[in-house]
Structure formats: structure tokens, C-alpha cells
Amino acid sequence: MLSTVYKAGRAPALLRHGRRVAVAPLTAQLRSLTSGVQSLPVRQPTESPIARLQKRFLSVSAARPGNAAQSAPNPYAYLDSGVIKPKEFVDVKKVLVIGSGGLAIGQAGEFDYSGSQALKALKEAGVSSVLMNPNIATIQTNHSLADEVYYLPITPEYVEYVIQKERPDGIFLSFGGQTALNLGVQMEKLGMFEKYGVRVLGTSVRTLELSEDRDLFAKALEEINIPIAKSIAVNTLDDALEAARNIGYPIIVRAAYALGGLGSGFANNEEELRNMAARSLTLSPQILVEKSLKGWKEVEYEVVRDANNNCITVCNMENFDPLGIHTGDSIVVAPSQTLSDEEYHMLRSAAIKIVRHLGVVGECNVQYALQPDGLDYRVIEVNARLSRSSALASKATGYPLAYTAAKIGLGHTLPELPNAVTKTTTANFEPSLDYIVTKIPRWDLSKFQHVKRDIGSAMKSVGEVMAIGRTFEESFQKAIRQVDPNFVGFQGAKFEDLDFELQNPTDRRWLAVGQAMLHENYTVDRVHELTKIDKWFLHKLQNIVDCTKELQQIGSLQGLKKENVLKAKKMGFSDKQIAHAVNSTENEVRARRLEFGIRPWVKKIDTLAAEFPADTNYLYTTYNASTHDINFEDKGTVILGSGVYRIGSSVEFDWCAVSATRALKAMGEKTVMINSNLQSGPSSLLWLSTPSLRARAWLCRTVSRTCACPISCSCLVLPDLSRQQRALEVAAARGRLRISRTAAFVNPAPEMCLEWRQDLVHIC
-16 MLSTVYKAGR
-6 APALLRHGRR
4 VAVAPLTAQL
14 RSLTSGVQSL
24 PVRQPTESPI
34 ARLQKRFLSV
44 SAARPGNAAQ
54 SAPNPYAYLD
64 SGVIKPKEFV
74 DVKKVLVIGS
84 GGLAIGQAGE
94 FDYSGSQALK
104 ALKEAGVSSV
114 LMNPNIATIQ
124 TNHSLADEVY
134 YLPITPEYVE
144 YVIQKERPDG
154 IFLSFGGQTA
164 LNLGVQMEKL
174 GMFEKYGVRV
184 LGTSVRTLEL
194 SEDRDLFAKA
204 LEEINIPIAK
214 SIAVNTLDDA
224 LEAARNIGYP
234 IIVRAAYALG
244 GLGSGFANNE
254 EELRNMAARS
264 LTLSPQILVE
274 KSLKGWKEVE
284 YEVVRDANNN
294 CITVCNMENF
304 DPLGIHTGDS
314 IVVAPSQTLS
324 DEEYHMLRSA
334 AIKIVRHLGV
344 VGECNVQYAL
354 QPDGLDYRVI
364 EVNARLSRSS
374 ALASKATGYP
384 LAYTAAKIGL
394 GHTLPELPNA
404 VTKTTTANFE
414 PSLDYIVTKI
424 PRWDLSKFQH
434 VKRDIGSAMK
444 SVGEVMAIGR
454 TFEESFQKAI
464 RQVDPNFVGF
474 QGAKFEDLDF
484 ELQNPTDRRW
494 LAVGQAMLHE
504 NYTVDRVHEL
514 TKIDKWFLHK
524 LQNIVDCTKE
534 LQQIGSLQGL
544 KKENVLKAKK
554 MGFSDKQIAH
564 AVNSTENEVR
574 ARRLEFGIRP
584 WVKKIDTLAA
594 EFPADTNYLY
604 TTYNASTHDI
614 NFEDKGTVIL
624 GSGVYRIGSS
634 VEFDWCAVSA
644 TRALKAMGEK
654 TVMINSNLQS
664 GPSSLLWLST
674 PSLRARAWLC
684 RTVSRTCACP
694 ISCSCLVLPD
704 LSRQQRALEV
714 AAARGRLRIS
724 RTAAFVNPAP
734 EMCLEWRQDL
744 VHIC
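So for the sequence shown, our numbering puts the first residue at -16; every next one is plus one.
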């Protein structure tokens, strides 16, 4: 049995055992084993397969010095060995990529990111690309990515027109969000793909229908004994009322083929259901009446599968808020923090089983409801396409989900694809993280009068930020400051009825939790009882509260010792936040911190948890470290991103920043992007950092081109020109900033970048 498997080309020991073995001998041996029968080494009849394996491993061990440093594993040796036989690629010459259209709540810059990655993969494969997207404020609609761009509505009629004109032989539906998915289902029903001989690449339309049609989805999961909440799919109001009577209240209504939970909501009685169902049926032809699991944990897995049935889970994420709040409106942590090993692997195995059964080819998102005090779980939904969570998972792990999904759509398999980011692994691996990522959404509800501020199963947020730290406390407080510069960290706000605010989630819920714990002395048990937020998260927030009170007891700048400052910084406290606690100023606390020699460390996004060398251009700063992951010899130009999406500042500034990056790169300049928006575009280095003046000043000093001034950069490109210029002008008026020339604020247009390249901005 062993010899049969061995002849078929078993995976190298490096992948089977995770051991660092010598690459060259392994490669040579594998080549001899997989290059054909004639090239197989002559076997000695007296030597068994097990003896040969023992001999090989013993010889490798003997050759390895006891404490010598080992060379990095080389994935290309594995790929070149011939163990993996490349699948015949999909024969397409021209591919139509469907974009997501205009930005909407639940469908924003993340699909510009995913579509751009798909176009990049097509260009690398030498396949001509045609893009349909009427959204002019996107990166993907630049002619530098797609060969042809059509600014036309995403409807079957217009898509048919483009197909008739361009005659593509393939189409991508997974990179345009719910808009592209719904379009594909409509066109399949109209028979357009078959009529024009257009092949749907990646996940089939049938699989998309299975995941979106609530009735078909429930039946598909029953076939493989995967539990879902008791539910009934209906098409009329009377049927909805009858279904609720059979299931029992409370229930949740979910609309099929809907974006961002549109038309969904909870109902505790018949009157509430009547109003909810009537509204939902105007938005979708089908709704699902489902038993409410409000209060359970919500967990999701990002899964990738290829046509050869290789399947991996790239990232799992956990909602800070319990089930009942849309993932887009919830604080999300990656990787999960409160799951036991048994729970994690139970849900992972279920996710792989679901994705294989549905026949997903590419990337997929599986969402669960998990019982807080048991092993019972239910599948909420499956998104058989790139989603908003995909952008978070991709940036959080460094795994290029959209790019890999596009390659899989072209016929590649996971074992044969080298990971484009790490450079030391294949795409057939599951990332391992040694840091925590926290995502916090941003709402702009205050811009509207008489609007309801409650949040639930229908998404309302307009943007989101991502912060990275080595502890939950650190990443959580960093994320809060990224959402709005008016926030200093974990803090509270006054509410008329605090208990009501805790029980009924709004866009200010975390402020209510902060008020209760920081100022009203609520215990962890009390807050948990009112909010159902897992106690693990609340105990971590209690650590921040305790540290704040310790600083308040010190009460003065002179009383601060090095261990006090270091402890606070490791928990994500800003200098301003510490200053508030000790009755001092931000500048004085900063000076005190520098006297103690306390400075942040620069770390890379490391998908291998430092087990093997990783090479990513995603960076973050932390105080929970002792060394830098990069050197600062290679200076460059800093480009400041616009931060979180909000009304009035959206993907158009991502386009500006990326355009500036490409123009500078064409001039041979190294670029450093500073942004906290996880849906933003590429750069030589992407610094996922708080977009504050202090942080930017430190980064400019650290990574930009040196000059006589101790803190300098050769060029400061401001994509969101009006907002960033105002911030720097205010700093200049306060004496914090000295500008050498009035031309220091650079417009990101390519011709302007060249003109102002030598201007200096000195931050003092």
C-alpha cells in the first residue's frame, strides 16, 4: 500500500509534516519519482519502502547541524518537482468581468478591489478582458487594467449588447457582488449564456442559485445533515403568517437575492411580521421565515475551493456582537478568540463539507450561529462569491483571495499556484496569525434628521476600518480612533436610559458599553446580561478600564513610570488618552514616553505566524514587540489615504491614491501608503495605521527619504486634498508643522506628482 502511494507522488515531507528538510535532495528525489516509469530508480529487492523512507529521513537528520540556521523552504522546488500535474486550463481568449455598479450600503469599495484583482489575473494569463461597470470612481474602470471598459448599466439587456459586440467566450460573475450574482441568475434563465456560447468561469450559476434561493439552500444542506434554523420559504404574506404560526415566535425574516440584509428583520408577534413581510416582499420575490436565534454567537469562515476539490479555510472571524446584528454593522475580530478547539474544527469541517457539496469553485463565505454554552450550531447563509468579509480576510491574513479565485476560475488548482504574497508557500495552505485584527464599522446616521439609529439584521454602515495589534485591547482601541479622530480610545457617552441603550443596539452601542464600565461601574456580568456580548470580550475591556483607573490614581505626569506608560501603550492607549487620565497634555506625555525610550515597532502581516519567512507589504505598528520586521534603508514617498468611507469621501479617493502610487512607481519611486481602510488599493508598502497627524509624522520620519530635517519626507501626496490639507494647515498654525514651500500639498494627478516630487514637508 505504501509503495503504491509513494509511486503516485506523495506530497513532500515539508508539506506533510511541516518539517524543514533540505530542499535540493527532496526536489531531485521527487523529480525521479514523477517523471515517468522509465526514470524511476531501480529498486533493490531487499530494501522495503519503509526502510527507504527511514534511510532518507535519517540521512537528512544526520546532515543537519544541531543549532545551524535552516534555509527558507522553497515552494517552487515543490511545484517544479512534478508531484502536482497541472490541470488543463480553461480555454478562453476573452473574458467579460461584471462589476458591482454604483456604490450602495452593503456593496462598496471591496468589489472594486476584487474586480481589480480579477483583471490583474486575466492580464497575467494573457487573456483579453472586457469590463462592464458604470461606476466611474473606481480603480478597475481605469483603462490600464481592462482592455475594454463599458460604462453601462448592469442589466441583461446591456450585457447582451456587450456580448454581441465583443464576443467573449467566458464571464466572471463572482467579483461584482450581489449585482453581478443576480444578473447571472437572470441571464441563465433567459438562456443567454448558451445562446452566445459564453462560459461562466468559477462558481456555476446553479451553485449561485442554490446559495441564494432560501428553499433550495435549506434542502441542499439537509442532504448532507448540516443543521440550519427551522425555516419555511414563502412567496406571499398569508403564507408568511402561516409559516410563523408553525415555527413559533420570535422569528426572523430574510429576503432572497437581497443585498446587505435588505428587507430582513425580527418579529415577535403577528402584527410585526405582517409589516415586515409586506415590506420584504416588495424587495424580493421570496422570503424565508426562520426561527430566531438572537443572542447566539455569530462566526464566519472564508473558504477557497478549486475544481479538483482541493479546499481550505483561509480565515475565520467572530462577531463581537451576538447574532441579531448584520455582520457589516458589527465589530468583527479575526481570528476568532472565544471558540474552543473543538468548536473551531467542528465549524471548519462543516464549512468545507458545505462548499464541496454546493460545488463552489473559487471563494466562498459561510456564516454560522453558534450556541454560546454548547456545541449546537446553525448555518445562517452561504455567499458563493467574493463578499465584504473577503476584503477583511484578505487584508487580515495576507492571502490574496480575489486574485486566487480568479486564477481558479481560469482552471488553476490550489497546489500548483504559488502564493503571490508570502513568496514561500503555495496557495494550498491555511494562514496562521500571530496578531489580532479588529474591524469596526462607521455610520453616518447623524447626517439625517429623524432617522432611526437602531441596528439589526439590515445593514446601515457606510464604511469600516481595520486595526491590527498583538492583543485585543490594542487592536480594539486603535480601530476606535480610526473610525473617528474625535475618539481617543475606549470611552463612554451620556445616555438618557443606559440599560435600554445596552439592550437595544444602535450605532453608539460601544459607547454605551464604555459608559457603563468606565463611569457607571457596571460589572462584566451585568453588561453581559444586558448585551449578550461574550464575557471574554468584556473581560478584555475591563482590562482597559482597570488600566485607565490606575493612570487616574497616579494623577500627574511626574508620577508616570516607565512600566505604567509601557503597559498602557501595549493596551492600545494613545498619548492623548493617557494625558486625559493623568491631567496632562498630549505633547507632555509624548515627551515623557520618548524619555523612557518607548517607541512602536513595525511588523509585517505574517500569514505563517513566524514559522517560515514571509514577504508581505502589509505593515502595522505595535508596542507588543521587541524588533522591527523591516529595515528603513529604502526610502520612498508617503501617500496619505483618506481613511474610512463616509458620506462625501469614498472610493474616489482610493482611485486618487492608487493613481498616484502607479505614477510614482512608473517614475521609479518607492511608495508607502498610510490607510486604515481595508477596502483600499495597492502600494509598494501599505501601512495599516491610524490616520492621525502624530502617526503620520512618525511614519514620514521613519520610512521616507531623509534630508537635513530630522523628520522629513521628499513628497507628501494627499489624495483627499481638502481634508488632509486642512488638517496639516491646522497643525502648522499650532507650531507642530513647518512647510518649506506652499507647493508641499501635492495633487495626485500623475503630471503633478512629477512637478512637485522634490518638495519637502517637515513635521517637527
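The beta carbon of each residue, even a glycine, is placed where N, CA and C say it ideally should be. Just so you know, these numbers come straight off a predicted model, no measurement behind them.
Practice task
Quick one: using the 10 Å Cβ neighbour count with 16 as the cut-off for buried, is THR186 buried or exposed?
Solution key: Along the sequence shown, one-based indexing puts residue 186 at 203. Classification of THR186: buried, given that the 10 Å Cβ count is 16 or more.
Exercise for the section: With a cut-off of 8 Å on the beta carbons, I'd call MET442 and SER659 a contact; round off their distance for me. Expected result: Mapped onto the sequence shown, residue 442 falls at position 459. Mapped onto the sequence shown, residue 659 falls at position 676. 20 Å between Cβ atoms; not a contact.
Practice task
Indicate the three-state DSSP secondary structure (helix, strand or coil) for VAL471 in the structure shown.
Solution key: Locating residue 471 in the sequence shown gives position 488, where the first residue counts as 1. VAL471: coil per DSSP, three-state reduction.
Handout entry: Option in TYR505, ASN547, MET554 and LYS172 with minimal Cα separation from VAL565
Key = Translated into positions along the sequence shown, residue 565 becomes position 582. The shortest C-alpha to C-alpha distance from VAL565 to any of TYR505, ASN547, MET554 and LYS172 is the one to ASN547.
Handout entry: Local Cβ density within 10 Å of TYR134, reported as buried at 16 or more and exposed below that
Key = Here residue 134 corresponds to residue number 151 of the sequence shown, with the count starting at 1. Classification for TYR134: exposed.
Handout entry: Exposed unless 16 or more other CB atoms sit within 10 angstroms - verdict on GLU479
Key = The residue labelled residue 479 in the question sits at position 496 within the sequence shown. With fewer than 16 other Cβ atoms within 10 Å, it is exposed.
Handout entry: Identity of the residue in ILE146, GLY542 and ASP95 nearest GLU177 by Cα
Key = Here residue 177 refers to the residue found at position 194 of the sequence shown. The option with the nearest alpha carbon to GLU177 is ILE146.
Problem - Contact set for ALA732: own chain, Cβ-Cβ below 6 Å, skip 5 residues either direction - result: Reading the sequence shown from its first residue, position 749 is the one you call residue 732. With a pLDDT of 37 at ALA732, under the threshold of 50, the modelled position of that residue is not reliable, and the figure given next carries that caveat. Same-chain partners within the cutoff: there are none.
Exercise for the section: Could you spell out where the beta strand (DSSP E) holding PRO424 opens and where it closes? Expected result: Taking the first residue of the sequence shown as 1, we reach residue 424 at position 441. PRO424 -> beta strand (DSSP E) spans 419 to 425.
Handout entry: Given LYS277 as reference, the closest of ALA250, GLN169 and VAL315 once Cα atoms are compared
Key = Position 294 of the sequence shown holds residue 277. Per the Cα distances, ALA250.
Practice task
Within 10 angstroms of the Cβ of THR387, are there 16 or more other Cβ atoms? Answer buried if so, exposed if not.
Solution key: Within the sequence shown, numbered from 1, the residue matching residue 387 stands at position 404. So THR387 counts as buried.
Handout entry: Contact under 8 Å by Cβ, LYS653 with GLY624
Key = To locate residue 653, count along the sequence shown from 1; it is residue 670. To locate residue 624, count along the sequence shown from 1; it is residue 641. No, the Cβ-Cβ distance between LYS653 and GLY624 is not below 8 Å.
Handout entry: According to DSSP, residues forming a beta bridge with GLU285
Key = Here the question's residue 285 lines up with position 302 in the sequence shown. For GLU285, which the question treats as bridged, DSSP gives the partners CYS298 and ASN348.
Problem - Rounded separation between LEU341 and ALA574 - CA only - result: As a position in the sequence shown, residue 341 is number 358, starting the count at 1. As a position in the sequence shown, residue 574 is number 591, starting the count at 1. Those two C-alpha atoms are separated by around 58 Å.
Practice task
Kindly provide the ranges of any alpha helix (DSSP H) runs that are 4 or more residues long and lie completely inside the segment 494 to 548, ordered along the chain.
Solution key: 507 to 514 and 518 to 537
Handout entry: According to DSSP, residues forming a beta bridge with LEU271
Key = The residue labelled residue 271 in the question sits at position 288 within the sequence shown. For LEU271, which the question treats as bridged, DSSP gives the partners ALA216 and ARG237.
Handout entry: Beta carbon of LEU102 nearer than 8 Å to that of SER111
Key = To locate residue 102, count along the sequence shown from 1; it is residue 119. To locate residue 111, count along the sequence shown from 1; it is residue 128. Their beta carbons are not under 8 Å apart, which means LEU102 does not touch SER111 by this criterion.
Practice task
Could you check the C-alpha separation between SER267 and TYR360 for me, to the nearest Å?
Solution key: On the sequence shown, position 284 is the one that residue 267 refers to. On the sequence shown, position 377 is the one that residue 360 refers to. About 27 Å.
Exercise for the section: Determine the DSSP secondary structure at TRP638, reduced to helix, strand or coil. Expected result: The residue labelled residue 638 in the question sits at position 655 within the sequence shown. In the structure shown, the three-state DSSP call for TRP638 is helix.
Problem - Those residues which DSSP pairs with LYS586 across a bridge - result: Your numbering for residue 586 matches position 603 in the sequence shown. Beta-bridge pairing links LYS586 to TYR603.
Handout entry: GLY82: first and last residue of the uninterrupted beta strand (DSSP E) it sits in
Key = Here residue 82 refers to the residue found at position 99 when the sequence shown is read from its first residue. Careful: GLY82 lies outside any beta strand (DSSP E) and carries neither H nor E.
Problem - Alpha carbon of GLY439 to alpha carbon of ALA91, nearest angstrom - result: For this step, residue 439 is matched to residue 456 along the sequence shown. For this step, residue 91 is matched to residue 108 along the sequence shown. Distance between the alpha carbons of GLY439 and ALA91 is about 19 Å.
Exercise for the section: Going by DSSP, name the residue or residues bridged to PRO401. Expected result: Taking the sequence shown and counting its residues from 1, one reaches residue 401 at position 418. DSSP, once it has assigned bridges, lists THR409 as partnering PRO401.
Practice task
Note the first and the last residue of the continuous alpha helix (DSSP H) segment covering SER263.
Solution key: What you label residue 263 is simply residue 280 of the sequence shown in a count that begins at 1. 253 to 264 is the span of the alpha helix (DSSP H), which, as asked, contains SER263.
Problem - Coil, strand or helix - PRO8 by DSSP - result: As a working mapping, residue 8 is identified with position 25 in the sequence shown. Its pLDDT being 41, under 50, PRO8 is placed unreliably in this model, and the coordinates cannot settle the point.
Exercise for the section: With a 10 Å radius around its C-beta and 16 neighbouring C-beta atoms as the bar for buried, classify GLY248 as buried or exposed. Expected result: Start at 1 with the first residue of the sequence shown, and residue 248 comes out as number 265. With 16 or more Cβ atoms within 10 Å of its Cβ, GLY248 is classed as buried.
Handout entry: First through last residue of the alpha helix (DSSP H) which encompasses ILE463
Key = For this step, residue 463 is matched to residue 480 along the sequence shown. Looking at the DSSP string, the run of the alpha helix (DSSP H) that includes ILE463 is 455 to 466.
Problem - Limits of the beta strand (DSSP E) - the one that MET650 falls within - result: On the sequence shown, residue 650 is found 667 positions in, with the first residue counted as 1. From DSSP, MET650 is part of no beta strand (DSSP E); its letter is neither H nor E.
Exercise for the section: Ignore the nearest five residues each way along the sequence and tell me which others in GLN295's own chain have a CB closer than 6 Å to its CB. Expected result: One-based indexing of the sequence shown puts residue 295 at position 312. Just to set this straight, residue 295 is Ile in the shown sequence, not Gln. Same-chain partners within the cutoff: VAL287 and GLU413.
Practice task
Evaluate contact between the segment 297 to 304 and the segment 221 to 240, counting only Cβ atoms and requiring at least three cross-stretch pairs below 8 Å.
Solution key: no
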